[in-house]
Structure formats: C-alpha cells, structure tokens
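Quick notes on the structure that follows.
2 protein chains.
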Amino acid sequence: MFSQAEENYLKALVQLIHFRDQGNEVGTNELALYLNVKPATANDMLKKLREKSLVSYVKYGKISLTTEGQKAGMDVVRKHRLWETFLVEKLDFTWDEVHEVAEQLEHIKSKKLVNSLDDFLQNPKFDPHGDAIPDREGRILIPYQRLLSEVSIGKSGKVVSVKDNSNSFLQYADKIGVRIGGMIEVAGRESYDGQTTLRVENKDHTVSDKFCMNIHVVCPTCKLGKDCSKNDCSF
Amino acid sequence: MFSQAEENYLKALVQLIHFRDQGNEVGTNELALYLNVKPATANDMLKKLREKSLVSYVKYGKISLTTEGQKAGMDVVRKHRLWETFLVEKLDFTWDEVHEVAEQLEHIKSKKLVNSLDDFLQNPKFDPHGDAIPDREGRILIPYQRLLSEVSIGKSGKVVSVKDNSNSFLQYADKIGVRIGGMIEVAGRESYDGQTTLRVENKDHTVSDKFCMNIHVVCPTCKLGKDCSKNDCSF
DNA sequence: TAATAAAGTTAGGTAGACCTAACAAAAAAT
DNA sequence: ATTTTTTGTTAGGTCTACCTAACTTTATTA
Chain W
-7 MFSQAEENYL KALVQLIHFR DQGNEVGTNE LALYLNVKPA TANDMLKKLR EKSLVSYVKY
53 GKISLTTEGQ KAGMDVVRKH RLWETFLVEK LDFTWDEVHE VAEQLEHIKS KKLVNSLDDF
113 LQNPKFDPHG DAIPDREGRI LIPYQRLLSE VSIGKSGKVV SVKDNSNSFL QYADKIGVRI
173 GGMIEVAGRE SYDGQTTLRV ENKDHTVSDK FCMNIHVVCP TCKLGKDCSK NDCSF
Chain V
-7 MFSQAEENYL KALVQLIHFR DQGNEVGTNE LALYLNVKPA TANDMLKKLR EKSLVSYVKY
53 GKISLTTEGQ KAGMDVVRKH RLWETFLVEK LDFTWDEVHE VAEQLEHIKS KKLVNSLDDF
113 LQNPKFDPHG DAIPDREGRI LIPYQRLLSE VSIGKSGKVV SVKDNSNSFL QYADKIGVRI
173 GGMIEVAGRE SYDGQTTLRV ENKDHTVSDK FCMNIHVVCP TCKLGKDCSK NDCSF
C-alpha cells in the first residue's frame, strides 16, 4: 500500500501527464507547484517513487509513470471522482463544495468500499464536474470534446468539464447558469479580444475569452467517440 | 483541528472512560494497550493533549477528559458509528467487515459531510452493532440493557450490542443467528458452568457463559429508559 | 558563445508519531 | 515494613514528509 503523500504525488502525475490537453511533460518544479510543496520535497519523493518502480526518470530528465505507477494514480483519481459523485448525488453537496472533502476520502483504503460505492452510484462514467471516472482497470471513456473558446458562432455544446476549479470561477459559472450537462450556444464572438456572448437557458451573457478557455464542451448529438465528424456534428 | 493520532487517543479515552460498564479509571498502560502503542508513546501524547487542554491528569495520576476533549472524542465516535451504519445499510457490508474501514472514515474532516450523512441515513440512534450514535452535541441515548448472561431462564431479550468485536466472535454469532435487533430467548442454563441454551429463530443452540457475557440485550417491550421495571418487563 | 536565468539537486534541519532502554513511583505481596 | 511487581516517566533514537540554503545542470537570450 501507498502512503497518503505517495498517493498525492501519483495522482498529480496522472493529472499532469495524462489529463492535460497539451504539454504532457512534467518537471520537478511544476509538480511541486501543483502540490504546494517545495521542489526539494518533490525531488525527495520522486527518488522514493523511483525506488519503488512507480515512476521512471533520470537526474535532470523528465518524469514519467511506470505502468504500475499509472495504475495506482488512476486508482486515486477513480476514488476521488466516485466520492465527488456520491457527495453531489446522495448528500446534496454543490458543485464547488466537494473537492476538499473528496481530497480526504480518496485516501481511504478498501477495494470493497470503492467498488461497492461504484455500484451504489450505478457505475457512473463521469463525475459532477464532467470528468471521466476510471473503471476498475483504470480505463476511461474519452468524450470528443473541445474548449468553448473554439466552438464556432451559432453552434452549441454540452458542458462536460471545467479546467479551473477555483471557487471564484465555479461560483461565477453557476451564477450565469453554466453547469455540467447544460447546453450553451455561442451567440457571438468579438474578434478583437475574444469577448463571447453565450446563450444559456434563454439568457445572453457576455464573458471573456479566459472564461471560455476553461470550459470543455462536447457535441450534443455524438457525445462519445472520435469519429464525431461523420455525423451531422454540431461543431 | 486535531491530527488523526490525537483523534484516536480522544476516541479511545471516551470508550475507556465512558463506554464501559465498570472500571472507568484509565491509566497510561491500559490506554497504550488499547491503541496498540507502547506506554512511552501514549505518555508523550497525553502530555500533548494536556497542553491543549483536552485531557487533565497529573503525573502518576489517572486520566480524565476535559469537556472539550470529551466533545472531540464523542465526535469521532459519532463519525465512526455513522459510517458503519452507512456501510451496512447502503453498501451491503456485513457486520464484521465495517470496523476497519470505519476506522479510516472517522477521520474525515467536514462538519457538513457528517451531518449530511446523518440525515441521509435518517438520523439513526444506533449503529449496526447496536451501539448508540452520539448526536451533534455528543449526547447519546442509553437503552436499559443487560448482559445475556444475566437474563433469567424463560425470558427474552432483543440484541442491542456486542462487546467483543473480533472476527471469530462475530462470525460465530452470525452463524447461530445472533444479530443486532434479533430476539433471543434463554431456554435454559446449567448452574455448574453457565452453559446456556438459546432459542434463536426457533432453533436451539448451547453456548458458553463467555459467549453470553459478550452480548447486550434490552427488554423488547421497553427499549429505552431506566424505568424499565415499571412496565411489565421481560427481565 | 558567453552570460544569465530557470530548473533541478543535495545537504542538513524540523515536527509528529512512533520506538527501546533505563529509571522512578505506586501498588501488591510477602 | 520491606521486597517485588506493576505502572508510569524520561531520555534519546528512527522514519516520514516537509523545509531552507547552497549548489549544479540545462535552457535561454543577448
């Protein structure tokens, strides 16, 4: 079994290496920044994880996860996202309240618990933020998604996830009716600065390009699969 | 907030001081034994808890909890028992599988989580072992209960709790149909060695006195309250 | 390409929670 | 009431996960 700290590093590496749109190279500094520790600390831990064959990297080189390390990290992500789903669906937590608690719950060690919880929630494929939940083997479904900032004028998308998890962002999104599973139409976009007019629940809101770059949407007709273009796709 | 270790000590002290039938005096050695640590370790922690005004004791003297310490310990017990209830009722864990996982879950820090869970479970008063669940203020209902070994021949009792939580005991109890909430009739008892014949679900089982001393039962007609004798009590 | 900046590493140090071994006080037994 | 046993305490050490400060390597840029 892994310590809580080890699990945090493995999860962080999975997120930085596998769950990012571009730039899947990770360094000590970036990892440290992500985990709110100092580079020296991250470096210590990387050596420890290398000893345990969970990561592979050479001095001054880039970091990658071994198969075993990736599996372990995925498992933490799986638990985190299942607990988030539980909190929202069963205990009526709101979208922006779950993260902190899930950070603790993800470290509970019990295979039976995770799998029972999965069944209890009816094996959800996506969590309340719209992120994919890895299955027992660490596999995830990858919806064909793009940033709201890249959706053409006049087209619509269904919100599947957000990149920013800060309270200020989540509350703002919530206020203008932007939530996971909801539809957004791009009514207009200013070429000068990317200011974008969104139509949400029949109301228009003008938001910044920055805001749009934090929201992932999928084509509402063909949510899954990479062959989206074959259908009469919204994008 | 308290560390996980601190919480464990506070919980242990609550159990040893308040949740025991007799001998509510606790010493360093006993506490250490209970927590599977060495006396020196327990002593270190006691000094730390005294610093924080959670326990009060003098060198070589007996240990007691301050009001604050008792509240904190009760809170851990509350969480432990709520999670056990959740595991059994919602995730179909069995009686003897819950303890280990609840030991981890009890340390999750979120008032909202505990109270939501409490509501989700419909504010249970007793956990799957039949132990009382403290409420938000740390209060518990005390059922008028006695040991099965003290129930007279011919009388019946409803099982409310067990003292032994070892797997061997729990599995044995389960095998002969003894479970929380179930009825047991004392059909006979050998005065020589206390061998007792129990009638459970219309079957008779002969068990040892030791076994009976681990089971708490309440009068089935007047479960709560100390004024049991007023009614036509089964005992 | 040499100077500067950024990224990564090492050495040595702290706090928490545990340990062993030696010792002191209190309780029990002779 | 003295010895023995039990119980409790102290001192000093380990391991984990963090830290700072100093240093080295790699990358950037002038």
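Order-wise, the sequence lines are chains W and V. In this text, residue positions in the first sequence follow this note's numbering: the first is -7, and each later residue adds one. In this text, residue positions in the second sequence follow this note's numbering: the first is -7, and each later residue adds one. Built from N, CA and C at the ideal position, the CB exists for glycine as well.
- Within the DSSP secondary-structure output, residue 196/W pairs in a beta bridge with 191/W.
- For residue 16/V, the closest of 57/V, 162/V, 197/V by C-alpha to C-alpha distance is 57/V.
- Contact with chain W is absent for residue 57/V, since none of that chain's Cβ atoms lies less than 8 Å from the residue's Cβ.
- Per the Cβ contact rule, the segment 145 to 159 of chain W is not in contact with the segment 125 to 133 of chain W (fewer than 3 Cβ pairs under 8 Å).
- Of all residues in the segment 92 to 113 of chain W, only 92, 93, 96, 97, 99, 100, 101, 102, 104, 105, 108, 109, 111, 112 come within less than 9 Å of chain V when Cβ atoms are compared, listed by chain position.
- Secondary structure remark: continuous beta strand (DSSP E) runs of at least 3 residues inside the segment 146 to 189 of chain V, in chain order: 148 to 154, 175 to 181.
- The alpha-carbon separation between residue 66/V and residue 41/W amounts to approximately 38 Å.
- Contact of residue 83/W with chain V is assigned, a C-beta pair being separated by under 8 Å.
- Boundaries of the alpha helix (DSSP H) around residue 96/V: 90 to 97.
- Out of 120/W, 75/W, 7/W, the CA that lies nearest to the CA of residue 172/W is found in 120/W.
- Residue pairing of residue 209/W in beta bridges, as defined by DSSP: 138/W, 151/W.
- With contact defined as three or more Cβ pairs closer than 8 Å, the segment 90 to 97 of chain W and the segment 98 to 114 of chain V are in contact.
- A distance below 8 Å separates the beta carbons of residue 166/V and residue 87/V.
- Looking at the backbone, the Cα of residue 31/V and that of residue 80/W are separated by about 43 Å.
- Scanning the segment 19 to 62 of chain W for uninterrupted alpha helix (DSSP H) segments of 4 residues or longer gives 20 to 27, 31 to 43, listed from N- to C-terminal end.
- Nearest Cα to residue 185/W within the set 99/W, 73/W, 141/W, 77/W: 141/W.
- Looking at the DSSP output, residue 118/V bridges to 124/V.
- Inter-residue distance for residue 112/V and residue 113/W is about 14 Å (C-alpha atoms, whole angstroms).
- Contact annotation: residue 68/V and residue 98/V have beta-carbon atoms nearer than 8 Å.
- Under the DSSP assignment, residue 110/V falls in the alpha helix (DSSP H) whose first and last residues are 103 to 112.
- For residue 16/W, the secondary structure class from DSSP, reduced to helix, strand or coil, is coil.
- When the five nearest sequence neighbours on each side are left out, the beta carbons in the same chain lying within less than 7 Å of the beta carbon of residue 116/V are those of 77, 125, in order along the chain.
- Under the DSSP assignment, residue 133/V falls outside any alpha helix (DSSP H); it carries neither an H nor an E label.
- Shown here for residue -1/W: same chain residues with a beta carbon closer than 7 Å to its own, the five before and five after excluded, namely 68, 99 in chain order.
- DSSP places residue 100/V in the coil class of the three-state scheme, outside both helix and strand.
- In the DSSP assignment, residue 83/W falls outside any alpha helix (DSSP H), carrying neither H nor E.
- Counted as a single uninterrupted DSSP element, the alpha helix (DSSP H) harbouring residue 203/V occupies residues 201 to 204.
- Annotation: residue 60/W to residue 46/W spans about 6 Å, alpha carbon to alpha carbon.
- Between residue 49/W and residue 38/W, the gap from beta carbon to beta carbon is short of 8 Å.
- The alpha-carbon separation between residue 3/W and residue 64/W amounts to approximately 8 Å.
- Your pair residue 204/W and residue 189/W does not check out as a contact, with CB atoms roughly 11 Å apart and the cut at 8 Å.
- By alpha-carbon distance to residue 162/W, the top candidate from 89/W, 201/W, 174/W is 89/W.
- One thing to note: residue 209/V has its Cβ no nearer than 8 Å to the Cβ of residue 168/V.
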